[in-house]
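*Asks:*
Protein chains: 4
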Amino acid sequence: MIPSVTSKDVGHKLAEQWPTYVAYLVSFATIGNAWLNHSVITEYLDRADAILLRLNLALLFFVSVLPFPTHMLAAYLSNEGDERIAVTVYGLNLLAISGFIAIVWHYALWQRLVTKDNSEADVRALTSKLDPSLASYAVVIGIGLWRPAVTVGLYFVIALFMIIPFRTVLREVRRSRRS
Amino acid sequence: MIPSVTSKDVGHKLAEQWPTYVAYLVSFATIGNAWLNHSVITEYLDRADAILLRLNLALLFFVSVLPFPTHMLAAYLSNEGDERIAVTVYGLNLLAISGFIAIVWHYALWQRLVTKDNSEADVRALTSKLDPSLASYAVVIGIGLWRPAVTVGLYFVIALFMIIPFRTVLREVRRSRRS
Amino acid sequence: MIPSVTSKDVGHKLAEQWPTYVAYLVSFATIGNAWLNHSVITEYLDRADAILLRLNLALLFFVSVLPFPTHMLAAYLSNEGDERIAVTVYGLNLLAISGFIAIVWHYALWQRLVTKDNSEADVRALTSKLDPSLASYAVVIGIGLWRPAVTVGLYFVIALFMIIPFRTVLREVRRSRRS
Amino acid sequence: MIPSVTSKDVGHKLAEQWPTYVAYLVSFATIGNAWLNHSVITEYLDRADAILLRLNLALLFFVSVLPFPTHMLAAYLSNEGDERIAVTVYGLNLLAISGFIAIVWHYALWQRLVTKDNSEADVRALTSKLDPSLASYAVVIGIGLWRPAVTVGLYFVIALFMIIPFRTVLREVRRSRRS
Numbered sequence: 001m002i003p004s005v006t007s008k009d010v011g012h013k014l015a016e017q018w019p020t021y022v023a024y025l026v027s028f029a030t031i032g033n034a035w036l037n038h039s040v041i042t043e044y045l046d047r048a049d050a051i052l053l054r055l056n057l058a059l060l061f062f063v064s065v066l067p068f069p070t071h072m073l074a075a076y077l078s079n080e081g082d083e084r085i086a087v088t089v090y091g092l093n094l095l096a097i098s099g100f101i102a103i104v105w106h107y108a109l110w111q112r113l114v115t116k117d118n119s120e121a122d123v124r125a126l127t128s129k130l131d132p133s134l135a136s137y138a139v140v141i142g143i144g145l146w147r148p149a150v151t152v153g154l155y156f157v158i159a160l161f162m163i164i165p166f167r168t169v170l171r172e173v174r175r176s177r178r179s
Numbered sequence: 180m181i182p183s184v185t186s187k188d189v190g191h192k193l194a195e196q197w198p199t200y201v202a203y204l205v206s207f208a209t210i211g212n213a214w215l216n217h218s219v220i221t222e223y224l225d226r227a228d229a230i231l232l233r234l235n236l237a238l239l240f241f242v243s244v245l246p247f248p249t250h251m252l253a254a255y256l257s258n259e260g261d262e263r264i265a266v267t268v269y270g271l272n273l274l275a276i277s278g279f280i281a282i283v284w285h286y287a288l289w290q291r292l293v294t295k296d297n298s299e300a301d302v303r304a305l306t307s308k309l310d311p312s313l314a315s316y317a318v319v320i321g322i323g324l325w326r327p328a329v330t331v332g333l334y335f336v337i338a339l340f341m342i343i344p345f346r347t348v349l350r351e352v353r354r355s356r357r358s
Numbered sequence: 359m360i361p362s363v364t365s366k367d368v369g370h371k372l373a374e375q376w377p378t379y380v381a382y383l384v385s386f387a388t389i390g391n392a393w394l395n396h397s398v399i400t401e402y403l404d405r406a407d408a409i410l411l412r413l414n415l416a417l418l419f420f421v422s423v424l425p426f427p428t429h430m431l432a433a434y435l436s437n438e439g440d441e442r443i444a445v446t447v448y449g450l451n452l453l454a455i456s457g458f459i460a461i462v463w464h465y466a467l468w469q470r471l472v473t474k475d476n477s478e479a480d481v482r483a484l485t486s487k488l489d490p491s492l493a494s495y496a497v498v499i500g501i502g503l504w505r506p507a508v509t510v511g512l513y514f515v516i517a518l519f520m521i522i523p524f525r526t527v528l529r530e531v532r533r534s535r536r537s
Numbered sequence: 538m539i540p541s542v543t544s545k546d547v548g549h550k551l552a553e554q555w556p557t558y559v560a561y562l563v564s565f566a567t568i569g570n571a572w573l574n575h576s577v578i579t580e581y582l583d584r585a586d587a588i589l590l591r592l593n594l595a596l597l598f599f600v601s602v603l604p605f606p607t608h609m610l611a612a613y614l615s616n617e618g619d620e621r622i623a624v625t626v627y628g629l630n631l632l633a634i635s636g637f638i639a640i641v642w643h644y645a646l647w648q649r650l651v652t653k654d655n656s657e658a659d660v661r662a663l664t665s666k667l668d669p670s671l672a673s674y675a676v677v678i679g680i681g682l683w684r685p686a687v688t689v690g691l692y693f694v695i696a697l698f699m700i701i702p703f704r705t706v707l708r709e710v711r712r713s714r715r716s
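Chains as they are written, first to last, in this note's numbering: chain A, 1 to 179; chain B, 180 to 358; chain C, 359 to 537; chain D, 538 to 716.
Below, the structure written as structure tokens:
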């Protein structure tokens, strides 16, 4: 990725690599979000059964595979013809990651593997955000077939929507106003 | 692995890379299975002695080495003459991983390092599956000398046979029928 | 990085690669320091809230990104025209890492997430060193625009200043004199 | 490392890569040994002070750096002129790793950071093997200046001498004879 030393105009060449930085940032935000959700799930987990471990392994598979579509995205993002395939494969990977987080979580709830006091703020935030994020990925993959370039930004917006703890921030703002 | 940007027909070129995807998937399934078995073993382990740590280190060696035969498999899978060597080396590596899981487990049982209540479902599943999987790897390596292309699929079948918790799934299906 | 086998004069070629070694050493020292600070913070943390986890994720982002500017530094360090950009990008990354360590720490103090007995030696060392290190990075980035080659050494000095536990060393020296 | 697909004689080419396999095996054995010693040290550690953490970081530095001399060794091992430099740099790295394990261990003993009951078998094995291994590395580096090719085998012997738990094996053999 680093421009060759002989090039006179390194700053300009680095600026041209923006698709690489964008792809890395979106992938980091998505995996970071998966990690946050995963830590919330494991925190409230009372015990794990054999099936939950396997579902978790499938989630891990799609996380471990993400660098490949990320490289594709970085290589084709400013390229008219090919970015459609890259953006679609990338979106399907993000959908699979979010999908398996949702499956792991719903399986744990269904089998009563979570501890009882799941009325906490971060559990509610997780359940209220998982399904909308899945729907968003499906919609954005559809948009990508028609307008590929826009979708990368939208994937970043979905990741940010998942990561930012709106309720906690709101509560803090209110509390600091009162005091 | 990513086709160059100038190529008109990226989708087709990506499809041609199927050996890479297949090799990655089989390796992921095998290491995932090793991890599941390893977590079952360590869960029921009461204590570890000096020899168990060394056997575990040897297991780790063969896991750490797997990416090399995986790359070989990906490079030679659609290549008549060379795929025999790649498939055999790959199979020997998978056999070594399963072999050392079996050695670690039998050593722990022999030295009474496991806790007493090893009548649990996942311990029984482990002991009942380890030896058949070892025999299967040996047989498939033999088949590979004669028909290399078939074996990769068979390695995937063995990994799936090890991963899928048939008894747990069966019990769940029965329980959901009753209720 | 390894010179080709045909080259007669490998020792000399290896010596010419000094920018690579310097860049690796400075990056290792900086990340090592971040890890030490991070372990002090988590040791005195009573609990983590949703926002602290996100701030920690942002810190992790800038740590995960550091290898890219490190490679740039290694490639351009002995190159008149281009080292200015490399040194500046590298410095901004180091500043971001230290900045987010400071943000995480001050947030934890502000929200009273740390345990009460934060009068320990390593907590005092952390609070007394964080802000000077931030100011130092800002100053050195400025120097880098004017004299790029000097700054790499200065970044190493800052990392060492952060890592070396002066008070503990001093105390040990005094104690060994008395006895 | 993987020979190109067009080559007729892949098996032969793979066999020619023996220096790569040897270098990987010796490095794995050395790092594996460092990990075993490290786990013995941390197991008997009562608490860690600021200086111990820094010494541990220096140990980690030399472990993280080892892949570079390993690659050098693999590239130059069958090459008359250049293998001397590769073997010497590699040996110095192994010496630094063992040296810092010894420093961490002696510091912990000196500062009484270890728990009292350090009369256990693995602690005695550690203290009785650390200093001979250091001396061996120094001697083998000297031999390497004169006969480079032999030393790689000697480094492997040192690692095996450190890893194999002679007393435990002996005790087991005696016990199984009696019963």
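In this text, a Cβ means the ideal position worked out from N, Cα and C, and glycines have one as well. As the structure is a computational prediction, the values presented were derived from the model and not from experiment.
Is C/L435 close to chain D? Criterion is C-beta to C-beta, closer than 9 Å.
*Replies:* Looking up residue 435 of chain C in the third sequence gives position 77. It does not: the Cβ of C/L435 has no partner Cβ on chain D nearer than 9 Å.
*Asks:* Quick check: is the beta carbon of C/V423 nearer than 9 Å to any beta carbon in chain A?
*Replies:* Counting from one through the third sequence, the residue named residue 423 of chain C turns up at place 65. Chain A, which has a Cβ nearer than 9 Å to the Cβ of C/V423, makes this yes.
*Asks:* Along chain F, in chain order, which residues have C-beta atoms closer than 8 Å to that of D/L594?
*Replies:* The displayed structure is made up of protein chains A, B, C and D, and chain F is not among them.
*Asks:* For D/L582, does the three-state DSSP call read helix, strand or coil?
*Replies:* For the purposes of this step, residue 582 of chain D is taken as the residue at position 45 of the fourth sequence. Strand.
*Asks:* DSSP puts A/V114 in a beta bridge; with which residues?
*Replies:* For the purposes of this step, residue 114 of chain A is taken as residue 114 along the first sequence, with counting starting at 1. Per DSSP, A/L45.
*Asks:* Taking only the alpha-carbon atoms, compute the straight-line gap between D/E620 and D/G628 and give it to the nearest angstrom.
*Replies:* Taking the fourth sequence and counting its residues from 1, the one referred to as residue 620 of chain D is at position 83. Taking the fourth sequence and counting its residues from 1, the one referred to as residue 628 of chain D is at position 91. Their backbone Cα atoms lie some 12 Å apart in a straight line.
*Asks:* Please report the straight-line C-alpha distance between C/V481 and C/V398, rounded to a whole angstrom.
*Replies:* As a working note, residue 481 of chain C is residue 123 in the third sequence. As a working note, residue 398 of chain C is residue 40 in the third sequence. Between C/V481 and C/V398, the C-alpha separation is close to 7 Å.
*Asks:* Does the Cβ of A/P132 have 16 or more other Cβ atoms within 10 Å, making it buried, or fewer, making it exposed?
*Replies:* Walking along the first sequence from the start, residue 132 of chain A turns up at place 132. With fewer than 16 Cβ atoms within 10 Å of its Cβ, A/P132 is classed as exposed.
*Asks:* Using C-beta distances below 8 Å, list every residue in its chain close to B/A281, excluding the 5 sequence neighbours before and after it, in chain order.
*Replies:* In the second sequence, the residue the question calls residue 281 of chain B occupies position 102. Answer for B/A281: L309, D310 and L313, listed in chain order.
*Asks:* Can the beta-carbon of C/D404 be found less than 9 Å from the beta-carbon of C/L471?
*Replies:* As a first step, residue 404 of chain C is located in the third sequence; it is residue number 46 there, counting from the start. As a first step, residue 471 of chain C is located in the third sequence; it is residue number 113 there, counting from the start. Yes, the pair counts as a contact, with Cβ atoms nearer than the cut-off.
*Asks:* Quick test of the definition: if touching needs 3 or more C-beta pairs under 8 Å, does the segment 234-247 of chain B touch the segment 518-532 of chain C?
*Replies:* Verdict: no, contact absent.
*Asks:* DSSP state of D/I622, grouped into three classes?
*Replies:* As a working mapping, residue 622 of chain D is identified with position 85 in the fourth sequence. D/I622: helix per DSSP, three-state reduction.
*Asks:* Alpha carbon to alpha carbon, how far is A/W110 from A/S180? Give it in angstroms, no decimals.
*Replies:* The structure shown does not extend to residue 180 of chain A, since chain A is modelled only from 1 to 179, so the question has no answer here.
*Asks:* Using a Cβ-Cβ distance under 9 Å, would B/Y334 count as near chain A?
*Replies:* For the purposes of this step, residue 334 of chain B is taken as residue 155 along the second sequence, with counting starting at 1. Closer than 9 Å: no.
*Asks:* Any C-beta of chain A sitting closer than 9 Å to the C-beta of B/V184?
*Replies:* The residue labelled residue 184 of chain B in the question sits at position 5 within the second sequence. Residue confidence for B/V184 is low, a pLDDT of 49 falling below 50, so the modelled location carries little weight and cannot support an answer.
*Asks:* Could you tell me whether the Cβ of B/S307 comes closer than 9 Å to any Cβ of chain A?
*Replies:* Looking up residue 307 of chain B in the second sequence gives position 128. Not one chain A Cβ lies under 9 Å of B/S307.
*Asks:* Please return the same chain residues whose Cβ sits closer than 7 Å to the Cβ of D/V602, not counting the five positions on each side in sequence.
*Replies:* Within the fourth sequence, numbered from 1, the residue matching residue 602 of chain D stands at position 65. So the qualifying residues of the chain are N630.
*Asks:* Entirely within the segment 586-617 of chain D and at least 4 residues each: give me those alpha helix (DSSP H) ranges in chain order.
*Replies:* Here the runs fully enclosed are 587-602 and 604-613.
*Asks:* Going by C-alpha to C-alpha distance, which of A/P165, A/A34, A/Y21 and A/I141 sits closest to A/H71?
*Replies:* Residue numbering aside, residue 71 of chain A sits at position 71 when the first sequence is read from its first letter. Of A/P165, A/A34, A/Y21 and A/I141, the residue nearest in Cα terms is A/Y21.
*Asks:* Chain C partners of D/R591, CB-CB under 8 Å?
*Replies:* What you label residue 591 of chain D is simply residue 54 of the fourth sequence in a count that begins at 1. Those are L394, I521, I522 and P523, listed as they occur along chain C.
*Asks:* Which two residues bound the contiguous alpha helix (DSSP H) that contains B/I342?
*Replies:* Residue 342 of chain B sits at position 163 when you count from the first residue of the second sequence. That run of the alpha helix (DSSP H) goes P327 to I342.
*Asks:* Would you say B/G211 and A/F68 are within 9 Å of each other, going by their C-beta atoms?
*Replies:* For the purposes of this step, residue 211 of chain B is identified with residue 32 of the second sequence, where counting begins at 1. For the purposes of this step, residue 68 of chain A is identified with residue 68 of the first sequence, where counting begins at 1. Their beta carbons are not under 9 Å apart, which means B/G211 does not touch A/F68 by this criterion.
*Asks:* Leaving aside the five residues before and after A/A108 along the sequence, list all residues of the same chain whose C-beta is less than 7 Å from its C-beta, in chain order.
*Replies:* On the first sequence, residue 108 of chain A is found 108 positions in, with the first residue counted as 1. Cβ within range, chain order: I41, L45, L52 and V114.
*Asks:* Looking at the C-beta of C/A381, does it have a partner C-beta in chain D at a distance below 9 Å?
*Replies:* Position 23 of the third sequence, counted from the start, is the residue given in the question as residue 381 of chain C. No - not a single Cβ of chain D is within 9 Å of the one on C/A381.
*Asks:* Tell me which residues share the same chain as B/W197 and place their Cβ nearer than 7 Å to its Cβ, disregarding the 5 neighbours each side in the sequence.
*Replies:* Here residue 197 of chain B refers to the residue found at position 18 of the second sequence. Within the same chain, B/W197 has no close Cβ partners at all.
*Asks:* Measuring only between beta-carbons, confirm whether C/F458 sits less than 9 Å from chain D.
*Replies:* For the purposes of this step, residue 458 of chain C is taken as residue 100 along the third sequence, with counting starting at 1. With 9 Å as the cut-off, C/F458 does not count as an interface residue toward chain D.
*Asks:* Is it right to say A/L36 is buried, meaning 16 or more other beta carbons lie within 10 angstroms of its own, or is it exposed?
*Replies:* To locate residue 36 of chain A, count along the first sequence from 1; it is residue 36. With 16 or more Cβ atoms within 10 Å of its Cβ, A/L36 is classed as buried.
*Asks:* Closer than 8 Å by beta-carbon distance: list the chain D residues that pair up with C/F426, in chain order.
*Replies:* On the third sequence, position 68 is the one that residue 426 of chain C refers to. Simply none; closest approach about 18 Å.
*Asks:* From A/L126, A/A29, A/A149 and A/G153, pick the residue whose C-alpha is nearest to that of A/E43; which is it?
*Replies:* Taking the first sequence and counting its residues from 1, one reaches residue 43 of chain A at position 43. Measuring from the Cα of A/E43, the nearest candidate turns out to be A/L126.
*Asks:* To the nearest angstrom, how far is the alpha carbon of D/E564 from that of D/V676?
*Replies:* Residue mapping note: residue 564 of chain D aligns to position 27 of the fourth sequence, counting from 1. Residue mapping note: residue 676 of chain D aligns to position 139 of the fourth sequence, counting from 1. Rather than Glu, the amino acid found at residue 564 of chain D in this sequence is Ser. Roughly 18 Å separates the two Cα atoms.
*Asks:* Of all Cβ atoms in chain C, is any one closer than 9 Å to the Cβ of A/T168?
*Replies:* Position 168 of the first sequence, counted from the first residue, corresponds to residue 168 of chain A. Yes, because at least one Cβ of chain C sits closer than 9 Å to the Cβ of A/T168.
*Asks:* Roughly how many whole angstroms lie between the Cα atoms of D/R684 and C/L383?
*Replies:* Numbered from 1 along the fourth sequence, position 147 holds the residue referred to as residue 684 of chain D. Numbered from 1 along the third sequence, position 25 holds the residue referred to as residue 383 of chain C. The straight-line gap from Cα to Cα measures roughly 31 Å.
*Asks:* Whose Cβ in chain D lies nearer than 7 Å to the Cβ of C/G369?
*Replies:* Indexing the third sequence from 1 puts residue 369 of chain C at position 11. Residues of chain D passing the Cβ test: I622.
*Asks:* Residues of chain C with CB under 8 Å from A/F28, in chain order?
*Replies:* In the first sequence, counting from the first residue as 1, residue 28 of chain A sits at position 28. Those within 8 Å of A/F28 in chain C are F419 and S422.
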